[in-house]
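Asker: Dropping a structure here in structure tokens format, bear with me for questions.
Okay, structure coming up:
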């Protein structure tokens, strides 16, 4: 199942409820075909088992697929207890990162099916935090939800006040990719949302309007808000023609991980774009404003404007939910439509380092 | 910079405030904790992508010795008697023999959380050969009050998570609710209802948080 999505088309139409549901539906239905190989050191049968073919939901997590994968290999395993982990070309995979994000980040040129290796022994506990199956993944999800709540509302009371059964049902809906149940339950989380740039109505009395980090001006329009973002930045030192030429990743030290909210600013007559959001997190990669046509730029400092494009860093690729994003898209649309179920927007970025 | 803008009314602190508070904390610690190693300010130097003022406080290689009975005595090289938690005196000849086997080393990092807008304590333990200590072993080094809290809430008190910058599993004290008790501290300590000065923010925070991992804050630092 290839996830192809015409983002530009959808954004051009005024955001109606129908279109928004369509975008979110695409996100929830997005999946990565995986071809999972048992690590050769653990093959105790002859002939060795063929790889398992699994369709992994983008918004899901690798440990949740184990019950689908294990039947392929259980007869081949050496005796002992399982401690399951995955690797991609030798790189141990962080199980708490959504599968789609791992794929977007680690495969510059998308590989279909995505070839992963599964291990049932020898958990690398010096580099990976432990995973006790579904419980660990659920705990990670709920904690991310609480952290998102802190960012959006200033506290996590909304999550704490959810009944135990609602929390359980919410988690189950995410595990099963059940968007209908999730949509029915998510108003109970009472997470504020950003006003779509297209919406003319100022929903001052809306119970969904944000508190905490939110500034409201005289007219009652939401001016600023904090948005939960997780940014994964991969940098290359040399420029490249094709994505296939991007070198492989050996360690996670090559990724800069920013778990930091974006301050969403609404200025009169100016749209806060995806580019604005990313540049607020990566100031070293701010493009020279003079190069952009027809835009009012802010004042640049003299040292920055003296630096030529070659020596400054460059944003090469921005991927969200597998889509290569046009940076001029309004950030509010991106957040409202492409965020993950725990209310975080995961952004994978490939940059060329500034020359020093 | 106006310190009132750095420490917020609800007990949270901005990144700028954290930077000021961290330096003040490290300075005071150095002045009042002569027997203890000092905190260093670690910039994220290899990260060209992060703003230059991003740093964290680091206190490393603190030794906790396990006595023969299995209960922990906290000691650092040259530490004074005020720092011992237990009253029994230690047999020094036994200590010398056992240092190699029983010494547990601890690193502590104080990192700013942009999400929660409060500091967070990360720590890890390892033996003299560098092997990480499991939570069970670490529990034996923690004060007993912390251990019972840990037993009550597996998922929300001390958890094993990835260090935000070092790509390794560390232990973290959950930040939920930090701003609430900081606010209480701030209200109870000032008679005229004034905001807590930013220089004292981390000191106050650590006076509570440090106790969880058995690190005491000298009273002189709180002035």
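Chains as they are written, first to last, in full-length UniProt numbering: chain A, 1 to 356; chain B, 1 to 223. Quick reminder that beta carbons are idealized off the backbone N, C-alpha and C, glycines included. These figures come from a predicted structure and were not determined experimentally.
(1) Put residue 128/A into one of helix, strand or coil per three-state DSSP.
(2) Where are the alpha helix (DSSP H) runs, 4 residues long or more, that stay fully inside the region 149 to 198 of chain A, in chain order?
(3) What do you get for residue 95/A, buried or exposed, if any count of 16 or more other CB atoms within 10 angstroms of its CB means buried?
(4) Taking its Cβ as the centre, do 16 or more other Cβ atoms sit within 10 Å of residue 11/B, making it buried, or is it exposed?
(5) Which first and last residues belong to the alpha helix (DSSP H) in which residue 371/A is found?
(6) Relative to the C-alpha of residue 189/A, which candidate in 231/A, 39/A and 146/A has its C-alpha closest?
(7) Near residue 209/B, which residues of its chain fall below 7 Å by C-beta distance, leaving aside the five closest residues on each side in sequence?
(8) For residue 160/B, go through chain A and note every residue whose CB falls closer than 7 Å to its CB, in chain order.
(9) In this structure, how does DSSP classify residue 123/B when only helix, strand and coil are distinguished?
(10) Three-state secondary structure (DSSP) at residue 211/B?
(11) Out of 61/B, 102/B, 9/B and 57/B, which one is the CA nearest neighbour of residue 20/B?
(12) Out of curiosity, what's the CA-to-CA distance linking residue 49/A and residue 185/A?
(13) Using a beta-carbon distance below 8 Å, is residue 238/A in contact with chain B?
(14) How close, in whole Å, do the beta carbons of residue 18/B and residue 112/B come, if the pair is a contact with beta carbons under 8 Å?
(15) Starting from the C-beta of residue 55/B, find all residues in its chain whose C-beta is less than 8 Å away, skip the five residues before and the five after it, and write them out in chain order.
(16) When the Cα atoms are used, what is the spatial distance from residue 303/A to residue 312/A?
(17) Please specify which runs of the beta strand (DSSP E), each continuous and at least 3 residues long, are wholly inside the region 23 to 105 of chain A, giving them in chain order.
(18) For residue 333/A and residue 321/A, I'd like the C-alpha separation in whole angstroms.
(19) Rank 107/A, 92/A, 241/A and 132/A by C-alpha distance to the C-alpha of residue 83/A and give the top, closest one.
(20) Tell me whether residue 40/B sits in a helix, a strand or coil according to DSSP, three-state version.
(21) Name the DSSP beta bridge partners of residue 107/B, please?
(22) So, using beta-carbon positions, are residue 227/A and residue 345/A closer together than 8 Å?
(23) Listed from N- to C-terminal order along the chain, which residues in the region 12 to 43 of chain B have their beta-carbon within a distance smaller than 7 Å of any beta-carbon of chain A?
(24) Listing by chain order, which chain B residues have their CB less than 7 Å from the CB of residue 260/A?
(25) Name, please, each residue of chain B whose Cβ falls closer than 8 Å to the Cβ of residue 182/A.
(26) Report the option in 108/A, 257/A and 165/A whose CA atom is closest to the CA atom of residue 241/A.
(27) Rounded to a whole number of angstroms, what is the C-alpha to C-alpha distance between residue 127/B and residue 137/B?
(28) So, for residue 357/A: in the same chain, excluding its five sequence neighbours on each side, which residues have a beta-carbon less than 7 Å away from its beta-carbon?
(29) In angstroms with no decimal places, state the Cα-to-Cα distance between residue 33/A and residue 168/A.
(30) Do you know offhand how far residue 267/A's Cα is from residue 224/A's?
(31) Using 8 Å as the limit for Cβ to Cβ distance, is residue 252/A near chain B?
(32) Could you have a look at residue 343/A and say whether DSSP puts it in helix, strand or coil?
(33) Name, in chain order, the residues that DSSP records as bridge partners for residue 200/B.
(34) In the region 159 to 192 of chain B, which residue ranges form an unbroken beta strand (DSSP E) of at least 3 residues, counting only runs that do not cross its ends?
(35) Evaluate residue 176/A with the Cβ neighbour count: other Cβ atoms within 10 Å of its Cβ, from every protein chain shown; 16 or more gives buried, anything less gives exposed.
(36) Please report the straight-line C-alpha distance between residue 166/A and residue 174/A, rounded to a whole angstrom.
Answerer: Reading off the structure:
(1) coil
(2) 157 to 160, 164 to 175 and 179 to 185
(3) buried
(4) buried
(5) One cannot answer for residue 371/A here, as it falls past the ends of chain A, which runs 1 to 356.
(6) 146/A
(7) 121 and 173
(8) 129 and 130
(9) strand
(10) helix
(11) 57/B
(12) 42 Å
(13) no
(14) 4 Å
(15) 19, 22, 41, 42, 43 and 44
(16) Because residue 303/A sits at a pLDDT of 47, beneath the cut-off of 50, its placement in the model cannot be relied upon, and the point is left open.
(17) 31 to 38, 52 to 57 and 85 to 88
(18) 14 Å
(19) 132/A
(20) strand
(21) 124/B
(22) yes
(23) none
(24) 114
(25) Within chain B, no residue comes near residue 182/A; the closest Cβ sits about 22 Å away, beyond 8 Å.
(26) 108/A
(27) 10 Å
(28) What the structure shows of chain A is the stretch from 1 to 356, and residue 357/A is not part of that stretch, so it cannot be assessed.
(29) 28 Å
(30) 9 Å
(31) yes
(32) coil
(33) According to DSSP, residue 200/B bridges with nothing at all.
(34) 169 to 173
(35) exposed
(36) 12 Å
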